[in-house]
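Protein chains in written order, with this note's numbering: chain A, 1151 to 1479; chain B, 7 to 503; chain C, 105 to 378; chain D, 475 to 809; chain E, 0 to 313. Note that CB positions come from ideal geometry on N, CA and C, so glycine has one too. Scroll down for the structure; my scribbles are underneath it.
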Amino acid sequence: MPEHTLLEVTDLVKHFPVGGGLLSKPTSWVKAVDGVSFHVAKGESFGLVGESGCGKTTLGRLVMRLLDPTAGTVKLDGKDITHLSRSALRPLRQQMQIIFQDPFSSLDPRMKVEAIVTEPLRAYDRIPRGQRREKAVALLEKVGLRAGDMDKYPHEFSGGQRQRIGIARSLCVRPKLIVADEPVSALDVSIQAQVINLLDDLRVEFGLSYVFISHDLSVVEYMCDRIAVMYLGGIVETAPADVFSVNSRHPYTRALLAAVPLPDPQGQVPPAPLDGDVPSPIDPPAGCAFHTRCPYVHERCRIERPVLAKTGERHWVACWLNAGAGFSV
Amino acid sequence: MKKSLFVIFLLAVFLTAGNVLADTPKKGGSLVVCQAAEPQGLDPTGNTAAAIDRVVFANIYEGLIKVNSNGEFIPGLAITWIVSGDGLTYTFHLRQGVKFHNGQMFNAEVAKWNLERAMNEKTVNPHPEYFRVIAKMETPDEGTLIITLKDVDALFIAHMAEGDAVMLPMVGYKGAKSNPVGTGPFRFLKWVRGDRVEMARFDGYWNPELPYLDKVTFKFIGDASAQLAALKAGDIDVIGGIAAPESAMSLSKDKRFKVYAGTSTGEVIMSTNNKAAPFDNKKVRQAMAYAIDRQAVVDLVMFGYGTPIGSHWSPSTPYYVDLTQKFAYNPEKAKALLAEAGYPNGFDATIKLPAIYSYSKRAGEVIADMLGHVNIRLTIEIVEWGQWIERIFKKKEFQLTMIGHVEAWDIGIYANPNYYFQYDSQEFRDAYAKALKAPSEAEKAKWFGKCQEIIAEDAVNGFLFSASGLPAMKAEVMGWWKNYPTIAMDCTQVWLQ
Amino acid sequence: MKKYFTNLNFSLGFALSFVVIAMAVISFAWTPYKPNAMNARHRLEAPSISHPLGTDQYGRDTLSRVMVGAVNSIVVGLVTVAIGLSLGVLLGLISAYYGRWADESIMRFSDLLFGFPAILTAILITSILGPSAINAMLAIGIFYIPVFARLTRAVSMTLWEREFVAAARASGASEWAITIRHILPNILSPLIIQGTIQFAVAILAEAGLSYLGLGAQPPHASWGRMLNEAQTFMDISPWMAIFPGVAIALAVLGFNLLGDGLRDTLDPKMVKVR
Amino acid sequence: MEENLLEIEDLSVHFHTPEGIGRAVDHVSLSIAKGETLGLVGESGCGKSVTSLSILGLIPSPPGRIHSGHIYFDGKDLRSMGENALRHVRGRDISMIFQEPMTSLNPVLPIGRQVAEPLMVHHRISRQAALEEAVQWLNRVKIPAPEKRLHEYPHQLSGGMRQRVMIAMAMVCRPRLLIADEPTTALDVSIQSQILSLMEGLRHETGMSLLLITHDLGVVAQMAKRVVVMYAGQVVEVAGLQDLFERPFHPYTQGLLKSIPRLGSRAAGKKERLKEIKGTVPSLLDPVSGCKFADRCPRVFDVCRERQPELEAIRDGQQARCWKTQFSERSGRYA
Amino acid sequence: MVRYFIKKLITLVVLLLLVSITVFSVLYVLPGDPAQIILGLNATEETLANLRAELGLDRSFWVQYLGWIGDILSGKGSWSINYDMPVYDLILSRLAVTGPLALMAMLIGIVISVPLGIYAARHQNRPGDMIVMFFTQLGLATPEFWLGILLILLFAVKLGLFSAGGFPGWSVDVWGSLKALLLPAFALGVIRASILTRLTRSSMLDVLREDYVRTARAKGLRERSVVYVHALKNALVPVLTILGLQLGQLLAGAIIIENVYYLPGLGRLVFQAIGQRDLPVVREIVLFMAAAVIIVNFLVDMAYASIDPRIRLE
């Protein structure tokens, strides 16, 4: 394990109750995150990729302790924050911040930009108004907005600009870790590039670590140093970005990669690499969660759940084929 | 033993009737009578509510003695009654061959049983004291009932003529509340709750000439304007008593209808809590009496349909003394009296008005305005009937209230210091006791008159007016009572032209 | 402010409510006659120059009484909305925040209240406490608690799920700070809108209770009771039954339109919660 | 040149809002040949969806209104057709599928009914027969156990299945043109590839034309033969697939292509900084006198801000709306 | 569906139980002695005590409550003090007035509102819509009892076409009884229609903006089937909720209009029974009314489920 591990997540589990009321117990549980371990080094950009419902967003919020995990631990800078109370967490919030997907929902429509970007400051100490404004100006300029935007309301901005405001807010307390939850998914292509570049620049400038969550493989590959692929609440593979597209080993990862339409003039549609839908996270398949759709499924996959096994430099795969017989495609 | 004898023959009834009616009565037809309040059960011996008596008394049920429209006692199930000289023994000669609607026979035994039932300690008769004056009863034969009283009771005959003393059959009396059986001219058909009570001519009535009508329906329409509309639309023939005098006003202008502005037994009074300051001060009460312009009250509240009174006695009841001039309207005198009583700047008080009676609400508003002119500032609080009973009548949590006392001969309530207005006067109690034991008419008149004067002088309550019964009907309805000296709407001799 | 007045609903509503409020305010200083002064010589008069809306059965001036009645209606509106807002918002916030059993029990409580027919409950309340203006307000106000609680709950529940709340949490804001800084400002405009509409509803409800004799007590003028008194005089002086009703309708129309106008301008997408 | 199945000429659609008139579609012309797949590409709000909705007269009105222009389908002007005649074109000759398969299906009707409905309306066949055909189509779009599914409701299906139902519904009358408005945007990539290959298969089988509206250049690259690029309500470039990706002419098109990260670039050892297009899309409400892209264009000239360029041909099958076309011809300053 | 049904049913039962306890305790503390009211002002203390014992008023709260619930569950019900008959029969006879009144009002409301609402939605912001919306605003602002009074003024006082109130009774005069209910039902119905029209309109507008309506149009459906098949069924869901709420409230809440027209309905009965302290009647009717509201809501939930497969198939 590399030195300077900033974030360490071990066997994290989150189950959400379904149904249930005043008198009745929940009828079932959504196993949104089901035993996930990973770590993020200082300055590293770690990508979490997967299809909708795979648990990546829940995982992001668990890391931020916006949700309380059902089991497992989260360590930030070596400190176990899994069971810290809200007030005990408060000082630690300076070290980690989050950026959200929806630039409309993530900004309070009744707050002015100045108040929004400096909100993280208000949780700690009373900073004089003048100083706050100075800080806000600096932040806005850092993300490419103007000081004059400070007294506007969010609805006066376009989607890309709002996302910049969200980024400014997350930078306010100089965090070490930023969880970016689909930060560019809601943006138009031409705006996406602006935000991606901004995030990339900021990372260098502030020495940030990212947990970068996205469903878009191209963006994740571009942004991240290491990529984890999630399927039904579990990580099936983590691989360094530079080998991800060519040397990934899990059948699901390969299928995903094959399904991405490349912006090159092919003029034809390749056959779909996967059939059927993702099973329900309420009742995930036994054994390997992917076995219902896996073209290489064999007996063991149906019974026993594979664990992540190292197959290369910083490259781990949870698949019986890889772990056992040294499978390669 | 010298006996005085009152014998009034049936013939006399016919004579009286003949005088009243302009034409020869015709038989047949049906009549729909409207009354505001629906009775709560149909047994007058279990409840004093006037609504019950109005429907069933004299129509379905009869007592030993009846009252005619002039307030005179006439034979009912007793043909004659003889009172002994000492006023203690009453010998009733009962009518022979009288049948109840269910075929049971009426006789002295039944009469005795009824009276005993009313005095019984488990009784729910609201006035057991009417009967508990009886020391013993004898039934020498089927047609004779001899009652011996413990003490002289001047009102015994009057009480025997009230709804509390009607005769029920020994078999079938238990259902009286919903299925009344009596000896009256009409037999009960059905009661559609919330709407009407129907009764039909009883063919076995002891007077084969009566009643004239084949069917009588009592319909309950609570609101004045709906009553009026129903009468105009022809849905009903008679409004037993118009609740809103404004309706009488508009009806009396219409040739198709007639309205009688007769008298009733009721007195509308501003009941005053005589134990609550400042009303425990006689001068304050008298000042209020001066401050009230009774004729104006009658005009504003009743549109003129009513008679001002000066004491707790209705002009239609025997022995009435007109005391209205005792405290003739004089606001200056009222102010002077108030000042004397220590209230030169007047005072504030609350008057609680029962919500169910529009006359009392209206009278309350008018009185509040009038007393305001002498600086008695009244706050009006409308009280729902259940609350009125609980808070005002039982717990006496009030200063002033407004209510009509409809029972005849009820001046005795002033002899009870625990009655809700809490009037405590030995002088009155003595006078009342004397009145009750008065052996002669002259003595009775003297002492009942004295009673009226005492409470008038003490200005116990604000004596306002006796409301007219205000029966209204189609022009062709004949024989309806003009005055209501008792609580009944006697249809026995009503006929249609 | 200009954007409000370009809205027809708002302008009309504002004008009507202004008239009603002005009527009430003026009545404190001046009415054509003393509203409670009886005059046996002038009773049941038809509208004329000296009595523009006629007189009632005691000869009181209807215009004066309609003016004073406006005070009554406005006070009822204010008090009931205040009752509903203060308790309803609190319950709604608790319900939305704690969810689970707190939510469940508060919502069942409001179901229970909704299960009782409103008028009937009002009648029961007044028969226990006695009929009075204050008790009528209480009876109406109680029904506003679930109205505002549901609205607050519905709106704030979606707010708690919004990402800016998560962002505030991630910034270390306490739950209390989030409620004050984010939730309350965002539920304010739906509450104002609903409050205006409930204000109108309260005027209607009070008129109904007064009509049954359960509202303001005589001699104080209230529109509903004036109508009740007028009913028996309908064939003698029908105008008595007209003007108080017109007053009610205009006042309610005014505040309803005001509410709709506010909704149009403040919060076009707001869902009406029953 | 092949015969065009659909021809849109100089179409303008305006939205009347309290804030002013929004020119959602501004003099747009395009055509689709028989059997062709045309890709219509652009960012949100560029007018691509409005263009497609106006073909069948489905613009929400108010506030939208077709201001001018013609839409010819098979030679007939759809705009001058009566509502009733146009209704017979909808669902029979031209079908549509939409982005959100959840909201585009009626939640309270069973899917069989919804799929069969166009048949009952246009072919006037009995419900039974229509349902039988619906089963066949559900089968063709690879919905397992279609007989059973007939009676199910949209919420019981996954997103991918719903979009298959939408496709079946659009196909039952064998339309000659299918308009697919962002058909896979709401879906995951693995489902997207299923839907795309299904659509391509059906197009191939039936020989219908396909108007594919998308913002995803990758999807276009797989499906289309020819591409129309829209920006701020205008067509800015029309090109064959190869030309578009290899020789994009309009600076906007060029910018788009350079601004997307390409999968596999890290493995190839090159992480180049993305070329971003600065600024944001202008509001449709503001009347712009010059080129609408001028404010964001890296090579803007004075003339760009003053006059609007026309769509000009650059080479066979490629057109662009840019003053560059003029310069390249007259002064050769640009190639 | 079955799960949903059972869940709703349990809620219903719990709610009814809570209502019954609430009703009973409220009436338990209600001041006013029924015995005194029955026997009148001059009754003696002894007679009063006798009657109280007979009515069971001297027993403890829980004994009375359990006795009452027992009577209700056994189908016996209680006995009216005033009317001396089973309260069930009393309710039934009054329901014969209030029931038809509520249904007629509802019917009038629906018949007016649904077509108008759809019309207004389809002509949004055009003159027709504005006129409809204006009248519904007026309707919302008009107290129903005032409308009732105005109707009396016009049809009874001026034109003499109707009587100003009262009810002849079904057994006496069916036509007359219907006629007696017409004006009050109209007054109630018109006010309800205002609410329902606005609701139908806004619900319809929402639905008409939905994607699946666009889909239906794109399929080439006739506008009629787009509106009445695809849109209406969805639009009716919120309308149904309010409809149920209104019907429940009408069954219970016609008190005022019954007072305006002097109809011997449930509302008037309970209003009077409170004044007379006929507690068995009050209790049972309040429970009945609350149950009516709750049960109608339950039925609405079920109707909902049958319209909306998302609930039905949960």
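Among the options, whose alpha-carbon lies nearest the alpha-carbon of residue i?
i	options	result
Gly-138 of chain E	E:Gly-168, E:Phe-185 and E:Arg-208	E:Phe-185
Gly-149 of chain B	B:Asn-120, B:Leu-121, B:Asn-113 and B:Glu-127	B:Asn-113
Asn-124 of chain E	E:Ala-230, E:Ile-111, E:Gly-274 and E:Arg-200	E:Arg-200
Asp-760 of chain D	D:Val-609, D:Tyr-627, D:Gly-556 and D:Thr-491	D:Thr-491
Lys-1262 of chain A	A:Gln-1251, A:Lys-1302, A:Leu-1412 and A:Thr-1223	A:Lys-1302
Within 10 angstroms of the Cβ of residue i, are there 16 or more other Cβ atoms? Answer buried if so, exposed if not.
i	result
Ser-131 of chain C	buried
Phe-109 of chain C	exposed
Pro-114 of chain E	exposed
Ala-293 of chain B	buried
Val-1354 of chain A	exposed
Arg-1296 of chain A	exposed
What whole-angstrom Cβ distance do residue i and residue j have, given they're in contact under 8 angstroms?
i	j	result
Val-1183 of chain A	Val-1163 of chain A	6 angstroms
Leu-89 of chain E	Gly-264 of chain E	The pair is not a contact, with the Cβ atoms about 12 angstroms apart (cut-off 8 angstroms).
Glu-574 of chain D	Ala-660 of chain D	6 angstroms
Met-1380 of chain A	Ser-1195 of chain A	With a Cβ gap of about 17 angstroms, Met-1380 of chain A and Ser-1195 of chain A do not count as contacting.
Gln-1342 of chain A	Val-1334 of chain A	4 angstroms
Can you give me the start and stop residues for the beta strand (DSSP E) that residue i sits inside?
i	result
Arg-1098 of chain A	Any property of residue 1098 of chain A remains undetermined from this structure, which presents chain A solely from 1151 to 1479.
Cys-40 of chain B	36–41
Pro-1270 of chain A	Not the beta strand (DSSP E): Pro-1270 of chain A falls in the alpha helix (DSSP H), residues 1269–1272.
Lys-616 of chain D	Careful: Lys-616 of chain D lies outside any beta strand (DSSP E) and carries neither H nor E.
Tyr-705 of chain D	700–705
Asn-336 of chain B	Premise fails: Asn-336 of chain B is in no beta strand (DSSP E) and is neither H nor E.
Looking at the secondary structure, which residues open and close the alpha helix (DSSP H) in which residue i lies?
i	result
Glu-143 of chain E	143–150
Gly-1310 of chain A	1309–1321
Asp-88 of chain E	86–121
Can you pull the chain C neighbours of residue i, defined as C-beta to C-beta under 8 angstroms?
i	result
Ile-1248 of chain A	Ala-270, Ala-271 and Ala-274
Pro-30 of chain E	Ile-232
Val-372 of chain B	Met-142 and Tyr-162
Along chain C, in chain order, which residues have C-beta atoms closer than 9 angstroms to that of residue i?
i	result
Thr-141 of chain E	Leu-308, Gly-349, Ile-352, Ala-353, Val-356 and Leu-357
Determine the chain D residues that contact residue i at a beta-carbon separation under 8 angstroms, and present them in chain order.
i	result
Asp-210 of chain E	Phe-572, Glu-574, Thr-577 and Ser-578
His-229 of chain E	Asn-580 and Leu-583
Would you mind telling me which residues of chain B sit closer than 7 angstroms to residue i, beta carbon to beta carbon, in chain order?
i	result
Gln-321 of chain C	Ile-386, Glu-387 and Ile-388
Below 9 angstroms on C-beta distance, what does residue i contact in chain B?
i	result
Asn-49 of chain E	Glu-127, Lys-128, Thr-129 and Val-130
Strictly below 9 angstroms CB to CB, what residues from chain E border residue i?
i	result
Leu-759 of chain D	Those within 9 angstroms of Leu-759 of chain D in chain E number zero; the least Cβ separation is about 20 angstroms.
Met-338 of chain C	Ile-148, Ile-151, Leu-152, Ala-155, Val-156 and Ala-163
Against residue i, what residues of chain D qualify as contacts under a CB-to-CB distance less than 9 angstroms, listed in chain order?
i	result
Pro-308 of chain E	Pro-581, Val-582, Leu-583, Pro-584, Glu-626, Tyr-627, Pro-628, His-629 and Gln-630
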